[in-house]
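Student: Numbering (the numbering used here), first residue to last: 605 to 728.
Think of the CB as a built atom: it goes at the ideal place given N, C-alpha and C, for glycine as much as any other residue.
Being a predicted model, the structure only gives us computed values, none of them experimental.
One structure coming up, written as structure tokens, with questions to follow.
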Amino acid sequence: MTESLLKLLAPYLHLSLSAFDNTKLVVAVINSALEIGDVDTLPPSAYEASLISASQSTTERYYLVKWQEEWVVCGKTNSYAANIGALEKGISVDIDSLRALTIPVMSMQQVSFMCMENAHFDHC
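Shown next, in the form of structure tokens:
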């Protein structure tokens with residue numbers, strides 16, 4: 605992960621949310637940074653896609669966010685407890701399998717509520 609992306613996502617890397625919640629979180633954090641002027645680039649794009657390892661595509665689908673020419677992996681589409689991370693070396697996105705997603709952009713307050721709600725139900 606680039607330093608700017610790592611700086612933005614660092615407070616959330618320890619969380620274990622659903623893959624879709626991770627996608628919403630990453631999009632919200634980057635958009636928030638764009639709004640307050642911490643970064644000056646295009647907004648992120650969210651996708652569902654397969655990954656390729658050693659020239660072999662998997663049938664598993666992942667939620668991904670692309671920002672500044674970097675891919676953030678948010679987890680497998682069916683994962684209820686995933687961590688945010690970067691693509692590992694030797695793994696790439698199967699461009700032919702990309703499906704663009706429209707992710708509702710949450711405010712940072714909504715992100716806080718989502719994380720709090722997850723922490724509460726995680727202990728029940």
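1. Select from 692, 718, 687, 699 the residue whose C-alpha is nearest the C-alpha of residue 614.
2. Can you tell me the Cβ-Cβ gap for residue 653 and residue 698, rounded? I've got them flagged as a contact below 8 angstroms.
3. If we count the other Cβ atoms within 10 Å of its Cβ and call it buried at 16 or more, is residue 650 buried or exposed?
4. Who are the Cβ neighbours of residue 631 in its own chain at under 7 angstroms, not counting the five residues just before and after it?
5. For the alpha helix (DSSP H) containing residue 633, list its first residue and its last residue.
6. Quick check on the DSSP output: the beta strand (DSSP E) that includes residue 572 runs from which residue to which?
7. Within the same chain, show all residues whose beta-carbon is closer than 8 angstroms to that of residue 645, passing over the 5 residues directly before and after it, in chain order.
8. So, with DSSP's three-state summary, where would you put residue 616?
9. Are the CB atoms of residue 718 and residue 617 within a distance shorter than 9 angstroms?
Tutor: Put simply:
1. 687
2. 6 angstroms
3. buried
4. 648, 650, 669, 707, 709
5. 623-640
6. Past the boundaries of the shown model lies residue 572; the chain is included only from 605 to 728, so the question cannot be answered.
7. 638, 671, 672
8. helix
9. no
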